[in-house]
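Protein chains: 2
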Amino acid sequence: MIDQTSLTMIARRLKAMADPSRLSLLHALCGGERNVTDLVTETGFSQANVSKHLRVLREEELVSTRRDRNMVYYRLTSELPREICGLIGRSLEHQARTERTVLSLYRRTMHE
Amino acid sequence: MIDQTSLTMIARRLKAMADPSRLSLLHALCGGERNVTDLVTETGFSQANVSKHLRVLREEELVSTRRDRNMVYYRLTSELPREICGLIGRSLEHQARTERTVLSLYRRTMHE
DNA sequence: TTATCATATGAGTATATAGAAATATATTAG
DNA sequence: CTAATATATTTCTATATACTCATATGATAA
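Going down the list, the sequences are from chains A and B.
Position in the first sequence (first residue = 1) + 7 = the numbering used here.
Position in the second sequence (first residue = 1) + 7 = the numbering used here.
Here it is in structure tokens:
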């Protein structure tokens with residue numbers, strides 16, 4: 008048996024990433040620091056929506072912030088999101104190859 | 008901008024793993040092939056519950072099955088779950104170190 | 001066939017989450 | 001101070017999901 012606490016923590020981190028909108032935000036942050044307005048522009052999501060998703064990412068410490076003037080700049084806390092997406096991208100690619108299904112862009116996912 | 012389809016697929020895979028019960032099942036399967044009864048015993052979850060979680064994992068092709076007699080044996084389809092959990096485990100460990108919080112067992116998570 | 005074992009599914013309930021719209025808070029500019 | 005800008009939060013609704021209990025399906029054994 009594995010300790011329940013570790014599983015719960017891992018599950019929470021995965022869950023924080025397991026949303027297309029949040030992946031989109033993480034993807035943008037792979038390009039470097041961004042403030043909320045930048046992210047709204049880049050993703051096309053509403054400001055409220057971006058703000059809420061950022062909160063989820065912050066709570067799981069996947070991103071961290073710094074304030075400059077009245078803007079809040081977000082950045083990736085670690086390489087984790089990029090690495091995870093790289094792994095899954097390769098996995099999807101491999102599957103696609105074996106399934107002879109054409110899927111593109113996984114390689115470029117998260118700027119890998 | 009990244010293609011929406013890739014983000015959605017990655018999100019779905021992450022979501023399938025983003026649950027403590029399913030991580031527990033994946034963990035068990037890291038020890039090798041198991042049938043449903045084995046998994047019920049190892050995890051302590053109800054049979055119906057195990058069956059339902061396995062369906063989610065199957066639908067995302069994280070596990071595959073083979074039938075023997077009237078038993079269904081499940082196995083990991085790839086190393087992906089183990090790799091993901093390894094990454095997150097190391098990330099949690101790193102954070103724990105820098106936060107001087109004691110967290111144990113991430114290294115042993117998923118039999119890494 | 002009928003009984004039994006292994007697995008899967010359906011119904012019902014409780015909880016969680018995504019997103020829109022409106023509003024609140026906080027910082028800066030004038 | 002007031003106005004404007006940037007970000008965060010609340011409220012609401014719709015949808016999804018985890019779980020339990022009961023039942024169904026499917027394979028084997030007697």
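Virtual Cβ for every residue (Gly too), placed ideally from N, Cα, C.
- One Cα belongs to I9 (chain A), the other to E68 (chain B), and the distance between them is close to 23 angstroms.
- Closer than 7 angstroms to the CB of T44 (chain A) there is not a single CB belonging to chain B.
- By the 16-neighbour rule on beta-carbons within 10 angstroms, A55 (chain A) is exposed.
- At least one CB of chain B lies nearer than 7 angstroms to the CB of A25 (chain A).
- By a beta-carbon distance limit of 8 angstroms, A103 (chain A) does not contact A25 (chain B). Their separation comes to about 22 angstroms.
- A direct Cα-to-Cα measurement between R41 (chain A) and A35 (chain A) gives close to 8 angstroms.
- One thing to note: Y81 (chain A) has its Cβ within 7 angstroms of the Cβ of V70 (chain A).
- The beta carbon of S53 (chain A) sits no closer than 7 angstroms to any beta carbon of chain B.
- Residues of the region 84 to 110 of chain B whose Cβ lies closer than 8 angstroms to any Cβ of chain A, in chain order: S85, L87, E90, I91, C92, L94, I95, G96, S98, L99, H101, Q102 and L110.
- Listed by position along chain A, the residues whose Cβ is nearer than 7 angstroms to that of T15 (chain B) are P27.
- Listed along the chain, the chain A residues whose CB falls inside 8 angstroms of the CB of H34 (chain B) are I9 and L14.
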